[in-house]
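Let me begin by presenting the structure, written as structure tokens, before commenting on it.
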Amino acid sequence: MAALTDLTISEARAGLRARSFSARELADAHVGAMERARELNAFITETADAARAGAGASDARLARGEAGPLEGIPLAIKDLFCTKGVTTTAGSHILHGFASPYESTVTANLWRAGAVMLGKTNLDEFAMGSSNMTSYHGPVVSPWRRKGSNARLVPGGSSGGSAAAVAARLCLGATGTDTGGSIRQPAAFSGIVGLKPTYGRCSRLGIVAFASSLDQAGPLARSVRDCAILLGAMAGHDPLDSTSVDRPVPDYEAALVRPLKGLRVGVPKEYRVDGMPAEIDALWRQGVAWLTDQGATVREVSLPHTRHALPTYYIVAPAEASSNLARYDGVRYGLRVAGDGVDGLYEATRAAGFGAEVQRRVLIGTYVLSAGYYDAYYLRAQRVRTLIARDFARAYEQVDVLLTPTAPSAAFAIGEKMDDPVAMYLNDVFTVPASLAGLPAISVPAGLSADGLPLGLQIIGRAFDEETVIAAGAALERAAGFSHRPDGIAP
Amino acid sequence: MTAPLVEGATGPWEVVIGLEVHAQVVSNAKLFSGAATAFGAEPNSQVSFVDAAMPGMLPVINRHCVEQAVKTGLALEARINLVSVFDRKNYFYPDLPAGYQISQYKNPIVGTGTIRLDMKDGSTRTIGITRLHLEQDAGKSLHDVAPGASHVDLNRAGVALMEIVSEPDLRSAEEAGAYLKKLRAILRYIGTCDGNMEEGSLRCDANVSVRRPGGALGTRCEIKNVNSIRFLQRAIEYETQRQIELIEGGGTVVQETRLYDANKGETRAMRSKEEAHDYRYFPDPDLMPLRLDPAWVARLKAGVPELPDAKKDRFMAAYGLSAYDAGVLVGDQVAADYFETVAKGRDAKLAANWVMVELFGALNRLGKEIDASPVSAVQLCGLLDLMADGTISGRLAKDVFAAMVETGKDAAIVVEEKGLRQVTDTGAIEAAIDAIMAREAAKVAEYRAGKDKLFGFFVGQVMRAMGGKANPAQLNDLLKHKLAG
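Written out as structure tokens, the structure is:
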């Protein structure tokens, strides 16, 4: 039998139910892996004791035949989800010492389903980044290495700790959040599956807010099936989140076996960006062939406002962030740095508590909302956002899903692209449009770059049609047969 | 009615006033959280995670507060906007935990409406309402708990307020006071705000400017921090004089925010830093636009009770009251109900007189509100009925009422205890008359010689001899008869 840490969630679920191993053994194996892989810096907080205790409780429920759908499954939680009594940092210094007295709805849903928490994973500060380089707790190291190189690579971001932990077999699955690509891009960089659901599918309550109209929780795991299982437990209406949508959660796992015949797949021509590496383009074509081979029909579609998506995103998201982050003022919780009077307190606390990227975005956001600039920036960006959403709606009159690369490159090395924020922002060029339109999308590992790094393909679906996204993602997964493993993981 | 003018050194000036009223919504829970809203609770005992702006917490609109705002809009005969939007008003202050106030900026829940003012001379003025929107209250900074430190009480943070903005239609401090009184009466009629200015559930900012009659609008100043109708009027009067003297002295009014200092009775400019805000309004992405079902609004409309204007018109028509009397009585729903209880089946003008003169006078002396009156409406009915059936005279009734105010007892009991029952026994009255006529034989002779005016003297003497209890009509008849010889 494979190592317990090598199992997928569905395999582990079967093994636990068959009593082939206990939840406690499964937890111990992952706690050990987590502790041996600390050099990856994937976790900010390890909760080994809670994991073992939770696993013990799961074993009891398994023995009583009361197992929940995720009973005994060890998960890593992005440290943007508030977890009761366990510190939540959002990757920032400003939440220093903060342990929330409440549980996020998504994690509460997971625990109710029987899952076990291993710890809280590292992330870009307040989820602002595509590399995990902006975390106050230091960068996450990808378990992947370029062929013949020992350069330490980024896992992508912002859910980089979650992606690295899943890829390095430190957990069976993880939660992430995706604002402009923060689940899909690190999934692609790390050779795993990442699913961003429709905006409103998962509750945002208890998730530290970055950009409220874009933030959405979703799973990262090593198979499409595992993501479907996790999403089924995470999703659902929450009356305490006014943007969460009251519609039933379908059986996502059942969608995996949907035949592809008759599925209409669109390839957006505007995604063929200048300077895209040939191997990415080739993989994209390969994806078209894989889907065609399984009975789908593929056609080119147009999303004419695509080139405006990144600038739009980098107005809307910082604008909301500048307001969402105003609460970190040193008055009620987290870091407090004394200053002269209350304004001095604010300035000293926020100067010390926020890193450079967060400060940059707060400044951008404050600027675009300012009197005299609001119309030219924020209001215009919202109008363009509407046009981008309309592009998708028109495309979906002709096709059922869209197929694109997830990111314009494979993972880069720690320290690369750090001097040019705009180059860093370009990582999200293929993921941001779906975020702006609130659409569900999945990244599936589809191949390796010439230097041996994972590359992902993205399926974007209609709002609340995660099932078709999962079906198409599963088809890519079957065809790609991606079985590569990162070298840089603990044994 | 023409606009009242203020005479300056260089000629007459017209005052232009617009009011922004913040009315706390009567609701058990806050606008976006389930925390309680009771006044006077221990500091920070009514604060939810949402109110404290804990990370990841989200606002959820309180349906009851929306209903209260719509009811208020309907009572102001205003346009109800079926789609409205909540915006964030961003600024840093320790009593504003999120760093933004959730308010309504471009798309308020209620649009234009009107308020009718009843002026002292019986005329009416119609004042335009610009808008009503829902917003969160802030917490309270406490600077006097410990030296060198400020404390924050978040009990009030997130409590629902209605900001009700008038058009600049008001032309005097008196009108501004009448507007605020009328608005408060309406809010109390429909139960959407308790109107308690001392506890801060009704607060008012005034925009004041002056101009030559018929001229272009002058530069306005906004007076903040006014917490009573009296202070509002004083602040406006002070500010009017200040602006007139400033302009007449060759200066110009600067648009600014001024604080009213009730102790000094003056307004003074706030430091410019206190008002140099760019609020960076934008739609709150945590909240969907608020959409109202027209049928629901229609049901609320059907449930709006009789309001002061309609009640005033009815009191005038049904009870024959003057515009002034009716206006005073409907100004307070409890007073109006009190009056109606007393007037029903009785002489309405007499009832109005008793309520407005005797009752209001007594309450005034006691410093009590009518809902704490020592004499209930039913008790006053009892007194009036004793007058009507001749048990006591109108003169004695005032004494009985005074005893009722003092003791809270029913009129009949006071009459019994004090033996004030009117004497209608002809024999007893005749005996008293005979005694007085015997004592005042000289005056009887004068009367009989034609000095008719002495009749009143005899009435007074007999009444005094009988302790005021003689039935006046009987006394008159018998005395006339006996004096005639």
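Chains H and G are the protein sequences, given in the same order. Each residue of the first sequence is one higher than the one before, starting from 0 at the first, in numbering that gives the first Met the number 0. Each residue of the second sequence is one higher than the one before, starting from 0 at the first, in numbering that gives the first Met the number 0. Every residue gets a Cβ at the ideal spot worked out from N, C-alpha and C, and that includes glycine.
Looking at H/Leu6, H/Ser442 and H/Pro317, the one whose alpha-carbon comes closest to that of glycine 364 of chain H is H/Pro317. A check of alpha carbon separations from serine 322 of chain H across H/Thr311, H/Leu282, H/Thr296 and H/Val367 identifies H/Val367 as the nearest.
Contact between aspartate 94 of chain G and glycine 55 of chain G is ruled out by a C-beta separation of about 21 Å, above the 8 Å threshold. Across the structure, serine 91 of chain H and glycine 333 of chain H are spaced so that their CA atoms are roughly 10 Å apart. Using beta-carbon distances, valine 139 of chain H does not count as an interface residue toward chain G, since no partner is under 8 Å. 8 Å or more divides the Cβ of glutamine 473 of chain G from the Cβ of threonine 406 of chain G. Valine 248 of chain H and valine 115 of chain H have their C-alpha atoms some 22 Å from each other. With fewer than three CB-CB distances shorter than 8 Å, the region 82-97 of chain H does not count as touching the region 188-197 of chain H. Taken in chain order, the unbroken stretches of alpha helix (DSSP H) that lie wholly in the region 264-294 of chain G and span 4 residues or more are 271-274. Put simply, the backbone Cα of aspartate 450 of chain H is about 29 Å away from that of threonine 178 of chain H. Counting only unbroken stretches of 3 or more residues, the beta strand (DSSP E) elements lying wholly within the region 237-308 of chain H are 263-267 and 296-300, in sequence order.
Along the region 440-455 of chain H, none of the residues has a CB nearer than 8 Å to a CB of chain G. For glycine 155 of chain H, the closest C-alpha among the options H/Ile8, H/Tyr395 and H/Pro142 is that of H/Pro142. The Cβ-Cβ distance between leucine 438 of chain H and glycine 460 of chain H falls below 8 Å. Annotation for histidine 29 of chain H: Thr4, Pro73, Leu117, Leu169 and Cys170 place their beta carbon closer than 7 Å to its own, counting only its chain and skipping 5 residues before and after. Taken in chain order, the complete beta strand (DSSP E) segments of 3 or more residues contained in the region 128-173 of chain G are 139-145, 148-152 and 159-165. Put simply, the CB of alanine 325 of chain H is near chain G, with a gap under 8 Å to one of its CB atoms. Here methionine 386 of chain G carries a helix assignment [DSSP, helix/strand/coil]. Contact between the region 27-47 of chain H and the region 73-89 of chain H is present: three or more C-beta pairs spanning the two stretches fall below 8 Å.
Contacts with chain H (Cβ-Cβ distance below 9 Å) from the region 52-71 of chain G involve Ala52, Met53, Pro54, Gly55, Met56, Leu57, Pro58, Val59 and Ile60, listed in chain order. Taking a contact to require three or more Cβ pairs closer than 8 Å, the region 244-261 of chain G and the region 38-49 of chain G do not qualify as touching. Interface residue (Cβ-Cβ distance to chain H less than 8 Å): tyrosine 99 of chain G is classified as such.
Assignment of proline 196 of chain H by DSSP, reduced to helix, strand and coil, places it in the coil class. Boundaries for lysine 223 of chain G: no alpha helix (DSSP H) harbours it, while the beta strand (DSSP E) harbouring it runs 220-225, taken from the DSSP string.
Beta-bridge analysis with DSSP links tryptophan 12 of chain G to G/Val5. Closer than 7 Å at the C-beta level to chain H, one finds these residues of the region 78-102 of chain G: Arg87, Asn89, Phe91, Pro93, Pro96, Ala97, Gly98 and Tyr99. Remark: three or more beta-carbon pairs, one from each stretch, lie closer than 8 Å, so the region 160-167 of chain G and the region 16-23 of chain G are flagged as touching.
Taking aspartate 225 of chain H as reference, the option from H/Arg12, H/Arg18 and H/Ala445 with the minimal CA-CA separation is H/Arg12. Within the model, the alpha-carbon separation for serine 241 of chain H versus glycine 147 of chain H is close to 51 Å.
Under a criterion of Cβ atoms nearer than 8 Å, the residues of chain G adjacent to threonine 365 of chain H are, in order, Arg279.
By the Cβ test, the region 58-76 of chain G is in contact with the region 303-320 of chain G, since at least three Cβ pairs between them sit closer than 8 Å. Exposure of proline 293 of chain G is indicated by the presence of fewer than 16 other C-beta atoms within 10 angstroms of its C-beta. Taking all protein chains in view, the Cβ of threonine 88 of chain H is crowded by 16 or more other Cβ atoms within 10 Å, so the residue is classified as buried. At a Cβ-Cβ threshold of 8 Å, glutamate 357 of chain G and phenylalanine 400 of chain G count as neighbours.
Excluding five sequence positions before and after aspartate 214 of chain H, the CB atoms of its chain that fall closer than 7 Å to its own CB belong to Thr176, Thr178, Arg203, Ile206 and Ala208, given in chain order.
Non-local C-beta neighbours of alanine 361 of chain G in its own chain, meaning closer than 6 Å and more than five positions away in sequence, comprise Val404, ordered along the chain.
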